[in-house]
Amino acid sequence: MTQSQALAILKTGANVFLTGEPGSGKTYVINQYVTYLRDRGIEPAITASTGIAATHIGGITIHSWSGIGIKTMLNKHDLHKIATSQYIAKRVRRAKVLIIEEVSMLAPETLSMVDMVIRKITERQEPFGGVQVVFSGDFFQLPPVVKRVMEDNDTPDHNPYRIAYRNFFLIMRMLTVSMMKYLPNFRVSRGSSQCLRKARTRW
């Protein structure tokens, strides 16, 4: 999928997971969409999984934006405290579009907590309170930083809560023209000698 095609789909308001190899233009598309929204008077919530990633798109961490901080789970008291914070509640209610960069570095529990916070504050039961959600990341890169080992039951088939999101996102895969033929092969350890020669002409 090209950058212009991805941008066109984002403009429809669809919930999107934007993925692809490094250099394929994910951040560029995000920045173009942010410009598009601001030109129309819509200020998106721009976040990322880490502070460094957030600086690349002019945002803040999703942990700070949602008020969950470093928590790994939320009890009723935590959720009430976050939802009654005027600063956080105002920020969440104002958001019409939520962007999360480098989403692959977020544990599933973190996304669940963000969803819980948004639903609680907006008092809407749609996933993420009905806000347009744009995720960007590459699961072939760094995994989530968690204190436990991911287990077999960390899959949608073993977690009823996550099954609801199976058809929630439109997955868009970005590829650069020069790399679309050979780089995906290297990423899954299937590079041929022809792929290697092509890579050497670039690096």
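Residues -16 to 186 (this note's numbering) make up the sequence shown, in order.
Glycine residues also receive a C-beta, built at the ideal position from the N, C-alpha and C atoms.
These numbers were taken from a predicted model, which means no experiment stands behind them.
- [ ] Can you give me the start and stop residues for the beta strand (DSSP E) that residue 84 sits inside?
- [x] What you label residue 84 is simply residue 101 of the sequence shown in a count that begins at 1. Counting along the chain, the beta strand (DSSP E) containing residue 84 begins and ends at 80 to 84.
Task: Collapsed DSSP secondary structure at residue 114 in the structure displayed - done: Residue 114 sits at position 131 when you count from the first residue of the sequence shown. If DSSP states are grouped into helix, strand and coil, residue 114 belongs with coil.
Open item on the list: I'd like to check one pair, residue 50 with residue 65: are the Cβ atoms closer than 8 angstroms?
Closed with: Position 82 of the sequence shown, counted from the start, is the residue given in the question as residue 65. Position 67 of the sequence shown, counted from the start, is the residue given in the question as residue 50. Yes, they are a contact pair.
Task: Whole runs of the alpha helix (DSSP H) within the segment 54 to 110, excluding any shorter than 4 residues - done: If we require 4 residues or more, the alpha helix (DSSP H) runs fully inside the segment 54 to 110 come out as 59 to 66, 69 to 77, 91 to 105.
Open item on the list: Would residue 117 and residue 82 qualify as a contact pair, given that the criterion is a beta-carbon distance under 8 angstroms?
Closed with: Start at 1 with the first residue of the sequence shown, and residue 117 comes out as number 134. Start at 1 with the first residue of the sequence shown, and residue 82 comes out as number 99. Yes, Cβ-Cβ distance for residue 117 and residue 82 is below 8 angstroms.
Open item on the list: What does the alpha-carbon distance come out to for the pair residue 57 and residue 47?
Closed with: As a position in the sequence shown, residue 57 is number 74, starting the count at 1. As a position in the sequence shown, residue 47 is number 64, starting the count at 1. About 15 angstroms.
- [ ] Answer yes or no: the CB of residue 92 versus the heavy atoms of the ligand FAD, is any distance below 7 angstroms?
- [x] Here there are no bound small molecules, and the ligand FAD is not part of this structure.
Open item on the list: I'd like to know whether the C-beta atoms of residue 96 and residue 127 end up nearer to each other than 8 angstroms.
Closed with: The residue you call residue 96 lines up with position 113 of the sequence shown. The residue you call residue 127 lines up with position 144 of the sequence shown. Result no, Cβ atoms of residue 96 and residue 127 do not sit closer than 8 angstroms.
Task: Beta-bridge pairing of residue 30 - partner residues as DSSP gives them - done: Taking the first residue of the sequence shown as position 1, residue 30 is located at position 47. Answer is 43, 83, bridged to residue 30.
Task: Straight-line Cα distance separating residue 176 from residue 101 - done: As a first step, residue 101 is located in the sequence shown; it is residue number 118 there, counting from the start. As a first step, residue 176 is located in the sequence shown; it is residue number 193 there, counting from the start. Straight-line Cα distance between these residues: approximately 49 angstroms.
Open item on the list: Mapping the DSSP letters down to three states, classify residue -15 as helix, strand or coil.
Closed with: Counting from one through the sequence shown, the residue named residue -15 turns up at place 2. In this structure, residue -15 counts as coil in the three-state DSSP scheme.
Task: Residues near residue 120 in its chain [Cβ-Cβ closer than 6 angstroms; skip 5 each side] - done: For the purposes of this step, residue 120 is taken as residue 137 along the sequence shown, with counting starting at 1. These residues qualify, in order along the chain: 85, 86, 87.
Open item on the list: Once the 5 residues before and after residue 53 are set aside, which same chain residues still bring their CB inside 8 angstroms of it?
Closed with: Here the question's residue 53 lines up with position 70 in the sequence shown. The residues are 46.
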